[in-house]
Amino acid sequence: MLYSLRMLLLALHFLVVGAVGLIIGLCRPFNPDNSRVFARLYSLPATWLMRLKVKAEVGPLWDQPPGCVIVANHQSNFDLFVLGQVVPQRTVAIGKKSLGWIPLFGQLFWLGGNVLVDRKNAYQARKALQKTTRVLQDDTSIWIFPEGTRNAGEHLLAFKKGAFHMAIEAGVPIVPVCVSRYAGRLALNSWRRRTVIVRSLPPIATAGMTLQDLPALIEQCRGQMQQCIDRMEGELAKG
Numbered sequence: 001m002l003y004s005l006r007m008l009l010l011a012l013h014f015l016v017v018g019a020v021g022l023i024i025g026l027c028r029p030f031n032p033d034n035s036r037v038f039a040r041l042y043s044l045p046a047t048w049l050m051r052l053k054v055k056a057e058v059g060p061l062w063d064q065p066p067g068c069v070i071v072a073n074h075q076s077n078f079d080l081f082v083l084g085q086v087v088p089q090r091t092v093a094i095g096k097k098s099l100g101w102i103p104l105f106g107q108l109f110w111l112g113g114n115v116l117v118d119r120k121n122a123y124q125a126r127k128a129l130q131k132t133t134r135v136l137q138d139d140t141s142i143w144i145f146p147e148g149t150r151n152a153g154e155h156l157l158a159f160k161k162g163a164f165h166m167a168i169e170a171g172v173p174i175v176p177v178c179v180s181r182y183a184g185r186l187a188l189n190s191w192r193r194r195t196v197i198v199r200s201l202p203p204i205a206t207a208g209m210t211l212q213d214l215p216a217l218i219e220q221c222r223g224q225m226q227q228c229i230d231r232m233e234g235e236l237a238k239g
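Note that the sequence shown covers residues 1 to 239 in full-length UniProt numbering.
1) Per DSSP, Cys178 forms a beta bridge with which residues?
2) Opposite Thr91 in the DSSP bridges: which residues?
3) Kindly indicate the opening and closing residues of the beta strand (DSSP E) around Lys55.
4) Taking Gly184 as the reference, which of Glu154, Asn34, Trp101 and Gly21 has the closest Cα?
5) Could you give the first and the last residue of the continuous beta strand (DSSP E) run that contains Ala72?
6) Contact between the stretch 15-35 and the stretch 47-59 is defined here as three or more beta-carbon pairs at a separation below 8 Å; is this criterion met?
7) For Gln75, does the count of other Cβ atoms within 10 angstroms reach 16, so buried, or fall short, so exposed?
8) Are three or more beta carbon pairs between the stretch 65-75 and the stretch 106-115 nearer than 8 Å?
9) Determine the direct distance from the alpha carbon of Ala187 to that of Leu5, and round the result to whole angstroms.
10) Are three or more beta carbon pairs between the stretch 134-154 and the stretch 96-112 nearer than 8 Å?
11) Under 8 Å Cβ to Cβ from Phe81, same chain only, skipping five residues before and after it: list those, please.
12) Rounding to the nearest angstrom, what Cα-Cα distance links Val157 and Leu10 in this structure?
13) Measuring CB to CB, does Pro93 end up less than 9 Å from Ser35?
14) Using DSSP with H/G/I as helix, E/B as strand and the rest coil, what is Arg36?
15) For a test of the three-state rule: what should DSSP assign to Val172, helix, strand or coil?
16) Counting pairs of beta carbons, one from the stretch 220-239 and one from the stretch 164-182, are three or more of them closer than 8 Å?
17) Measuring only the C-alpha atoms, how far is Ile142 from Gly162?
18) Could you spell out where the beta strand (DSSP E) holding Leu116 opens and where it closes?
19) Nearest CA to the CA of residue 246: which residue from Leu217, Leu201 and Met166?
20) Using a Cβ-Cβ cut-off of 8 Å (strictly less than) and excluding sequence neighbours within five positions of Arg193, which residues of its own chain qualify?
21) To which residues of the same chain is Thr140 closer than 8 Å at the C-beta, ignoring the five residues directly before and after it?
22) Ile204 bridges to which residues according to DSSP?
What follows is the structure in structure tokens.
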């Protein structure tokens, strides 16, 4: 009963935020700070409904000036609600082109200045990546899930190269953002409150790197994130 009620309320919330966000987006289309505003609107009421306490430890992320590549682990469709509370100013995301067809949300994603990529079209995908370089040079950060798909397992999947290639090309830092493994502990039929930790790591500089440094950079970032997620899980187990 509680699960059904909660999902109904989340769906209504999703529609209401879509309508409100659409008005904001039409008033200031493609403003690079729209995504942060939309993310907060989605996140704050939704995490309350889901009885999730988001413990944000993201000083390095918020201290980093706009114009970096943010990489985070991707667990479920609820990431929008969990991570929405920590999206910094002037940040856009890269998403599949199909997201643009989701009623209301797709229009918000587009009006937020986010980059839609058609992964099945190599030419369009290259054009989108070229656009991201211009976005980064315009003092706007880009948020990417380097695993490329949802993963609720204990170990991060292999990271795709796009985010790191982009950071090296633009010469901007990479800021890793780690989320504790909440997806497997979601209990939407319970009123018990659960804690999710979101922690950002110090920026990884890419200035002076070449594409030859790409494999080592990917492995460094993935290793640091895996260690951080494991530490957070240990902290939650003790708490």
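We put the CB at the ideal spot given by N, CA and C, even for glycine.
So, from the listed chains and residues:
1) Arg199
2) The partner list for Thr91 (beta bridge, DSSP) reads Ser141.
3) Leu52 to Glu57
4) Glu154
5) Val69 to Ala72
6) no
7) With 16 or more other Cβ atoms within 10 Å, it is buried.
8) no
9) The straight-line gap from Cα to Cα measures roughly 13 Å.
10) no
11) Result list for Phe81: Tyr42, Ser43, Ala46, Thr47, Met50 and Leu52, in chain order.
12) Looking at the sequence shown, residue 157 is not Val but Leu. The alpha-carbon atoms of Leu157 and Leu10 are separated by roughly 29 Å.
13) Correcting the residue identity first, residue 93 is Ala in this sequence and not Pro. For Ala93 and Ser35, yes; Cβs fall inside 9 Å.
14) helix
15) coil
16) yes
17) 12 Å
18) Val115 to Val117
19) Nothing about residue 246 can be reported from this structure: the residues present for the chain run from 1 to 239 only.
20) Arg51, Leu52 and Lys53
21) Pro32, Pro66, Gly67, Arg90, Thr91, Val92 and Gly113
22) Looking at the DSSP assignment, Ile204 forms a beta bridge with Ile174.
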